[in-house]
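Residue numbers (my numbering): 13 to 509.
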């Protein structure tokens, strides 16, 4: 068997993996990244994202530090507001039913700003999310939901940047290199075995960082841990995240941890392919549902579409859609809100119907009880508190009365033609269960002891997210804990810990 030797080996090829590799390299040690996918599909789930990153900021100066090419005109025409540590803590607690690991949450929140500045200093560029996270009110853009910046060029741009940075820093990146198992003994982990281009290779290393994503692309594991029906979910991202990193660590005695029955899952084009399509990227998602209603095959509403900002509900509503008859729903809008629909509604690969009357619209809703759908829409229209003004930038309190489920905000009547409807199913992004790590990102075994030489970051770490997820937190967590894991691994390789 061929042998390679590095000080630090990183398993995975996404944002968390590259953050770890670059942070380890700062210690002056040799580093290699082992990416299971071929070059054409490399980048893990990160490559499929829109690139949004949730970060603490106290005003426009913090935004300018990340987006230095903001123009004076943009600054003058934008209300960036703030997103404080307290707000981030509140969102993480509220969205996870206060189950998020307190230490991990504190690290995520308090390290978010400095980590993104570190990325910017390394060469990762950021932009403000005008197209999806800001509405124009009174001539000025206003950002909402605590989410303001994204990586330049979205997920593909982020991976391109990290790849260039890694090459510049002298980090070896191996593609078609699937990690098979860890090499370990009583003294800890000493490397791993990978299958590169169809040949087994022994990789000797002083430290290994696992950053190979969750198990969302593994239908058998989804059904085993998330439950019946989850084998039918579409996978939003890469087909390569099948849980290899988690499996290898468990075989080496690591402790499973976190919300193993939970996942990030969204409303997704009903007839999208089984796995993500890099040509379409994140545009199969359909996230403007707060401005309309969702109707299932029985012709009924089934969820409060306006319970909160999209950022705080989209990651759990995919599971709700999956639980509906035939695992789909139609999102329905009228002309009053069509201008607010996100760009993803305008792609060619979309299941859409349009009509000039409600009767014509429901007649076009495939696989739906059409009589009940029409009754549902009319009952919804009659229940709205029309004296409350509609405002997409805040939870406006424009709600329904006397129907179940209620709609708590942004309840607009569906009565002004033309009407549009879009068919969606469940698209799973990543799983919440994984490995337990220390505050230094070292993997913990089932005896609650750190495993020497083994570190982890990204989706395969459990304990941060439960039930739900604040939008844009995944990439930030990958960067924060990836940087910590890499620094810890680099320090160990250098003999400092």
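C-beta: ideal position from N, C-alpha, C; glycine also.
The structure displayed is predicted, hence computed values, not measured ones.
With 16 as the cutoff for other CB atoms within 10 Å, does residue 481 come out buried or exposed? buried
Which runs of the beta strand (DSSP E) at least 3 residues long sit entirely within the stretch 420-480? Give them in chain order. 431-447, 454-456 and 462-468
C-alpha distance - residue 45 paired with residue 391, whole-angstrom precision: 56 angstroms
Kindly confirm or deny that the stretch 259-277 and the stretch 341-351 touch, where touching means at least three C-beta pairs closer than 8 angstroms. no
Could you tell me the distance, in whole angstroms, from the CA atom of residue 474 to the CA atom of residue 407? 31 angstroms
For residue 131, which of 507, 487, 501 and 506 has the nearest alpha-carbon? 487
Nearest candidate by alpha-carbon position, reference residue 308, set 254, 322 and 383: 383
How many Å lie between residue 192 and residue 165 at the Cα? 32 angstroms
Residue 495 versus residue 29 - alpha carbon distance: 9 angstroms
Residue 182 classed as buried or exposed, judged by whether at least 16 other C-beta atoms fall within 10 angstroms: exposed
Give me the DSSP bridge partner(s) of residue 280. 297 and 437
Closest to residue 58 by C-alpha separation, out of 68, 67 and 47, would be which residue? 47
When we look at the beta-carbon of residue 7 and count the other beta-carbons within 10 Å, is it buried (16 or more) or exposed? Because the chain here runs from 13 to 509, residue 7 falls outside it and cannot be looked at.
Answer with buried or exposed for residue 305, where buried requires no fewer than 16 other C-beta atoms within 10 angstroms of its C-beta. buried
Check this for me: beta carbons of residue 381 and residue 311, under 8 angstroms apart or not? yes
Separation of residue 244 from residue 16, as counted between CA atoms: 40 angstroms
Could you tell me whether the stretch 288-302 touches the stretch 338-348, where touching means 3 or more Cβ pairs closer than 8 angstroms? yes
Go to residue 342, then tell me how far its beta strand (DSSP E) extends in each direction, as first and last residue. 341-345
Does the stretch 457-475 come close enough to the stretch 426-436 that 3 or more CB-CB pairs lie under 8 angstroms? no
Please determine, among 389, 451 and 223, the residue with the shortest C-alpha to C-alpha distance to residue 424. 389
Check this for me: beta carbons of residue 65 and residue 126, under 8 angstroms apart or not? no
Taking only three categories from DSSP, how would you classify residue 268? strand
Which whole runs of the beta strand (DSSP E) in the stretch 348-401 are 3 residues long or more, in chain order? 364-367
What alpha helix (DSSP H) runs, 4 residues minimum, are completely inside the stretch 53-141? 72-78, 84-88, 97-107 and 114-134
Would you kindly work out how many angstroms separate the C-alpha atoms of residue 268 and residue 316, rounded to a whole number? 33 angstroms
Secondary structure of residue 196, DSSP reduced to three states: strand
Using a threshold of 8 angstroms, state whether the C-beta atoms of residue 497 and residue 32 are closer than that. yes
Using a threshold of 8 angstroms, state whether the C-beta atoms of residue 124 and residue 68 are closer than that. yes
Could you spell out where the beta strand (DSSP E) holding residue 260 opens and where it closes? No beta strand (DSSP E) contains residue 260, which is instead part of the alpha helix (DSSP H) from 256-263.
Do residue 449 and residue 217 count as a contact pair if the criterion is CB distance below 8 angstroms? no
Quick check on this structure: which residue in 288, 224, 400 and 466 has the alpha carbon closest to the alpha carbon of residue 441? 288
Using DSSP's beta-bridge definition, name the partner residues of residue 214. 15 and 205
Per-residue DSSP class, three states only, for residue 177: helix
Any idea which residues DSSP pairs residue 161 with across the strands? 65 and 140
What residues match up with residue 21 in a beta bridge as DSSP calls it? 44 and 220
Proximal residues to residue 418 (C-beta, below 8 angstroms), its chain only, five neighbours per side dropped: 316, 411 and 412
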